[in-house]
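Trainee: Before anything else, here's the structure in question.
Residue numbers (the working numbering): -11 to 188.
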């Protein structure tokens, strides 16, 4: 089982962050991500694993541009999300993510509609991505523009365990990358994009 250990932070100087990531990482290209989040109401009396009255799943269309070549893909994702708080008060996102690539989303969208699912949220992300090898770990960094919220730096490390020691170590590595990129601790954002968009 894979767990995403992730933090994101607001970015106010994209040129500096891009320059820093180009120095320490390997550029992966640009991706335009279009996300539709579907809600499935739980049967009467049932509660979802995160305590909500519904399950949520995502269909993502990715348009990837690298070396002037363009490719398209579709991803179906179901996540069990959890926010953990460290002793210093910093919150970190740990996700049990289940994801599959699909050749076309049409059949899945039709199936969701027939089940009575509704699109609860649409989100666009314009992303430049890097892999950063640091302290024996491979971190994936994304400089994201999420309209109308602004720019964010997301950093995630995939591990097959989420015990306290592992999460703490990965969080420290992520914080080190933030520091290299000039990101301040107060710029870290613990809210999900979904919640931030819905609060507008």
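All C-beta atoms in this analysis are idealised placements derived from N, C-alpha and C, irrespective of residue type, glycine included. In this text, all values refer to a predicted model and were calculated from it rather than measured experimentally.
When DSSP labels each residue in this structure, what does residue 101 get in the three-state scheme?
Mentor: Within the chain shown, residue 101 is the residue found at index 113, counting from 1. Residue 101 falls in the helix class under three-state DSSP.
Trainee: What alpha helix (DSSP H) runs, 4 residues minimum, are completely inside the stretch 40 to 97?
Mentor: Counting only runs that start and end inside the stretch 40 to 97, there is no alpha helix (DSSP H) element of at least 4 residues.
Trainee: Taking only the alpha-carbon atoms, compute the straight-line gap between residue 157 and residue 71 and give it to the nearest angstrom.
Mentor: Position 169 of the chain shown holds residue 157. Position 83 of the chain shown holds residue 71. Their Cα atoms are separated by approximately 16 Å.
Trainee: Alpha carbon to alpha carbon, how far is residue 151 from residue 82?
Mentor: As a first step, residue 151 must be located in the chain shown, where it is residue number 163. As a first step, residue 82 must be located in the chain shown, where it is residue number 94. When only Cα atoms are considered, residue 151 and residue 82 end up about 10 Å apart.
Trainee: Once the 5 residues before and after residue 122 are set aside, which same chain residues still bring their CB inside 8 Å of it?
Mentor: Your numbering for residue 122 matches position 134 in the chain shown. So the qualifying residues of the chain are 12, 161, 164, 165.
Trainee: From the DSSP output, read off the bridge partner residues of residue 20.
Mentor: The residue labelled residue 20 in the question sits at position 32 within the chain shown. DSSP, once it has assigned bridges, lists 51, 114 as partnering residue 20.
Trainee: Give me the Cβ distance between residue 51 and residue 19, rounded to the nearest whole Å; I'm assuming they're in contact under 8 Å.
Mentor: Taking the chain shown and counting its residues from 1, the one referred to as residue 51 is at position 63. Taking the chain shown and counting its residues from 1, the one referred to as residue 19 is at position 31. Between residue 19 and residue 51 the Cβ distance is about 7 Å, and since that is below 8 Å, they are a contact.
Trainee: DSSP puts residue 134 in a beta bridge; with which residues?
Mentor: Here the question's residue 134 lines up with position 146 in the chain shown. Residue 134 pairs with 138.
Trainee: Would residue 113 be called buried (16 or more neighbouring beta carbons within 10 Å of its own) or exposed?
Mentor: Mapped onto the chain shown, residue 113 falls at position 125. Answer is buried; the Cβ neighbour count reaches 16.
Trainee: When the Cα atoms are used, what is the spatial distance from residue 116 to residue -11?
Mentor: Indexing the chain shown from 1 puts residue 116 at position 128. Indexing the chain shown from 1 puts residue -11 at position 1. Distance from the CA atom of residue 116 to the CA atom of residue -11, rounded to whole angstroms, is 27 Å.
Trainee: Report buried or exposed for residue 174, applying the criterion of at least 16 other Cβ atoms within 10 angstroms of its Cβ.
Mentor: The residue given as residue 174 occupies position 186 in the chain shown. Classification for residue 174: exposed.
Trainee: Provide the residue span of the beta strand (DSSP E) that contains residue -7, from first to last.
Mentor: For the purposes of this step, residue -7 is taken as residue 5 along the chain shown, with counting starting at 1. In the DSSP annotation of this structure, the continuous segment of the beta strand (DSSP E) that includes residue -7 starts and ends at -9 to -1.
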